[in-house]
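K.L.:
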Amino acid sequence: MHFRWSRRRTAMLVLLCGALPFMTATAQGAATVPLSDPAYLDIDRLAALGALDSVIIGQRPYSRRELARIVRVALAGKGAGGAPPLVSGPLARLARRFDEEALAQQKAFEPLADGSGLALSSTDAPRRGFSGSITRSLEATISPLAERRLGGPAVTGQIAALELSHELSPASWLAFNATERIEARDARTTAAPSWKGELLLGGGRARYRNVALSIGRQQVAWAQHRADGLFLASDGPALDLVALSSDAPFRMPGFLGALGPTQGTLLVAELGPSAVRSMSKLLAYKVSVQPRRSLELGATFMNHYGGAGGRASGLGTRIVDFLPFVDIFRGHNYTDTTRALDVDSDKLLGVDGRWRSGGLGGLVLTTELLIDDFDVHRIPTIFTWDGAQTFGAALPTVAGSRISARVSAKHTGVRTYTHGSLSNGITTRGRLLGDELGPDAKSFGGEIGWHPDQGLRGTVEVVSAIMSRADYVAVEQGSFFGIRRLGPATNELRDRIVVSAITELRPGWMLTWRGGAERVRNADFAGGVRRDYVVDVALRLVR
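Taken in order, the sequence shown gives residues -3 to 539; the numbers are from our numbering.
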């Protein structure tokens, strides 16, 4: 087995080891809770039931300090009669781990073995790239049936993996973390090594009052629902980033306070090696507000730029390029070298929202809109060529039972995640940052959930997807480019069913199971029908 030991990993090891002599017994306030933690399932359940106040769903991960605040407010709001029956189970699970008394009892040296997991996986679903004239250069592969995981995608075949997570908190305002995985493989292709080790997450986080600075390889999600997220998906890959964010929602001063609890994040990430524009950069920021307890709104800007062979531009031009509401209304110069050239970048702009009805059985509506390579001339086509959209409608309880139901629809445009010059796309190390539906596709799905207070919880999800392939030509139209399709499109049709379940064997010990089957018609756009399966089983210890 061969491991590549980079300077980044060496620095991380030095930081982790160097912090050991300074360890004291302290609450783990600065550390974040990984997005794979089952605590987020309980947060989502409580949010759907309307049991949370001043909680932003569309920006994660949360810190342990923020989860303690969420639990404290939820417990205070349950009233003298106790929590409603549907709320009591998930709230009790969160309180056991994250109420302030539980955090105060944790010792800083305990997180040296913060969490672990043993996972077994088997699948015959192959990954594929994209083959349309606009999308074929996108440096990513997809396998909608497979579970998206941190690090490299699972190989086709069988895997046994061990994951270890570590957390060090020298002070309540400072934390370091690392998560690594080592796996044995029985792959169907000889190209995949039989053993592999990866650093999945690693970095540090410091907090001053309500401002947090994160540095390292971290997973960030900007999604209103599990398995959604057009910009940074809830199950997307980790980024090598520097991020500045609010640790908890805050209220802005003056008349802006009417916007309610507000959350903001600004990050800059390096997207890693690629065939085109290697080591390109990503700058992104998002602001979310909650003007009413039942309503959350968010706005996102993302800029993909730089990398090997990128066009040189002045500092002033770069700053303007990061301000979308200034940049879109000015003229651009990409070819005349006698004048200052504009930044060679791909700009994405979008909004998202979440609304919960006080009646209608607590109906929850979610939506997100993304516009890629945004330009005012493309506004008429934001729902076709140039835009991507998701819509969801959920009933957290069906007729007062512990059964939930949700339907969803997604559409991605031809340009989504792609760009003419930065053709590696919105990807990092072969993974899409956003929804793995990919560009030029649409899907429709339904989900039924079962939510008892104790024992086995789970969901059954059914999804039908249409993924298109076509040839397009760019048409210059003055100061911008339009696109036109050449000939008919061919479609790959995917229908899948996935059953997921989780149970707590004892406090901290979680057993998860996921099984699915998929029928693919016109597989890889080559005709014929293919049937795939996946089975994932994991035993995890969480703190």
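Ideal Cβ positions, reconstructed from N, Cα and C, are used throughout, including at glycine.
Apply the 10 Å Cβ neighbour rule to Asp491 and answer buried if 16 or more other Cβ atoms are within range, or exposed otherwise.
P.N.:
exposed
K.L.:
Please work out which residues of its chain come closer than 6 Å, Cβ to Cβ, to Asn487, disregarding the five sequence neighbours upstream and downstream, and give them in chain order.
P.N.:
Once the five neighbours on either side are set aside, the close Cβ partners of Asn487 are Ile462, Ser464.
K.L.:
If we ignore side chains and look at the alpha-carbon of each, how far apart do Arg307 and Arg273 end up?
P.N.:
In this structure, the alpha-carbon of Arg307 lies about 11 Å from that of Arg273.
K.L.:
Here's the rule I'm using: 16 or more other beta-carbon atoms within 10 Å means buried, otherwise exposed. How should Trp381 be labelled?
P.N.:
buried
K.L.:
Does Ala304 pass the burial test, meaning 16 or more other C-beta atoms within 10 Å, or should it be called exposed?
P.N.:
exposed
K.L.:
So, Gly543 versus Ile367, is the Cβ gap smaller than 9 Å?
P.N.:
The chain is shown from -3 up to 539; residue 543 falls before or after that span and cannot be answered.
K.L.:
Mind pulling the beta strand (DSSP E) runs of 3 or more residues that sit fully within the region 137 to 180?
P.N.:
Within the region 137 to 180, the complete beta strand (DSSP E) runs of at least 3 residues are 153 to 167.
K.L.:
If you draw a straight line from the C-alpha of Leu365 to the C-alpha of Ala485, how long is it?
P.N.:
Pairing Leu365 with Ala485, the inter-Cα distance amounts to about 24 Å.
K.L.:
Measuring straight from C-alpha to C-alpha, what distance separates Ile80 and Met275?
P.N.:
A quick correction: the sequence has Pro, not Ile, at residue 80. Between Pro80 and Met275, the C-alpha separation is close to 51 Å.
K.L.:
With DSSP run on the structure shown, which of helix, strand or coil describes Asp540?
P.N.:
No answer is possible for residue 540: the residues shown for the chain start at -3 and end at 539.
K.L.:
In three-state DSSP terms, what is Phe227?
P.N.:
coil
K.L.:
Find the nearest neighbour of Thr28 within the set Phe172, Ala47, Arg68, Arg144, judged by alpha-carbon distance.
P.N.:
Phe172
K.L.:
Need the endpoints of the alpha helix (DSSP H) that Tyr36 sits in, please.
P.N.:
35 to 44
K.L.:
Taking the alpha carbon of Pro166 as the reference point, which residue from Gln259, Val285, Ala26, Leu114 has its own alpha carbon closest?
P.N.:
Ala26
K.L.:
From the DSSP output, which residues share a beta bridge with Glu443?
P.N.:
Arg402, Glu457
K.L.:
How is Leu535 classed by DSSP in three states: helix, strand or coil?
P.N.:
strand
K.L.:
Decide if Ser190 is buried, meaning its Cβ has at least 16 other Cβ atoms within 10 Å, or exposed.
P.N.:
exposed
K.L.:
How should Phe(-1) be labelled, buried or exposed, when 16 other C-beta atoms within 10 angstroms of its C-beta is the threshold for buried?
P.N.:
Bear in mind that a pLDDT of 36 at Phe(-1), under 50, signals an unreliable position, so the model cannot answer this.
K.L.:
So, under 8 Å CB-CB, Gly198 and Ala183 are touching, yes? Tell me the CB distance rounded to an integer number of Å.
P.N.:
Wrong, their Cβ atoms sit about 26 Å apart, outside the cutoff.
K.L.:
Going by C-alpha to C-alpha distance, which of Glu457, Leu279, Thr508 sits closest to Val538?
P.N.:
Thr508
K.L.:
What's the gap between the Cα of Ser161 and the Cα of Gln214?
P.N.:
13 Å
K.L.:
Closest to Leu196 by CA distance: which of Leu235, Ser168, Leu228 is it?
P.N.:
Leu235
K.L.:
Does the separation of the CB atoms of Ala208 and Leu240 fall below 9 Å?
P.N.:
The beta carbons of Ala208 and Leu240 sit closer together than 9 Å.
K.L.:
Could you tell me which residues DSSP pairs with Gly294 in its beta bridges?
P.N.:
Ser284, Asp348
K.L.:
Tell me the DSSP secondary structure of Gly199 in three-state form.
P.N.:
strand
K.L.:
Which class does Pro376 belong to by DSSP, given the choice of helix, strand or coil?
P.N.:
helix
K.L.:
Going by DSSP in three states, Pro249 sits in which element: helix, strand or coil?
P.N.:
coil
K.L.:
With a Cβ-Cβ cutoff of 9 Å, do Glu159 and Asp231 count as a contact?
P.N.:
no
K.L.:
Checking 9 Å against the spacing of the C-beta atoms, do Thr261 and Lys282 come in under that value?
P.N.:
yes
K.L.:
Apart from the five residues on each side of it in sequence, which residues of its chain come closer than 8 Å, Cβ to Cβ, to Asp95?
P.N.:
Ala64, Val67, Arg68, Leu71
K.L.:
Taking C-beta to C-beta, are Val403 and Ala389 nearer than 9 Å?
P.N.:
yes
K.L.:
How is Phe521 classed by DSSP in three states: helix, strand or coil?
P.N.:
helix
K.L.:
Give the single residue among Leu391, Ser341, Leu359, Asp436 whose Cα lies nearest to the Cα of Ala560.
P.N.:
For the chain, the structure presents residues -3 to 539; residue 560 sits outside this window and is missing.
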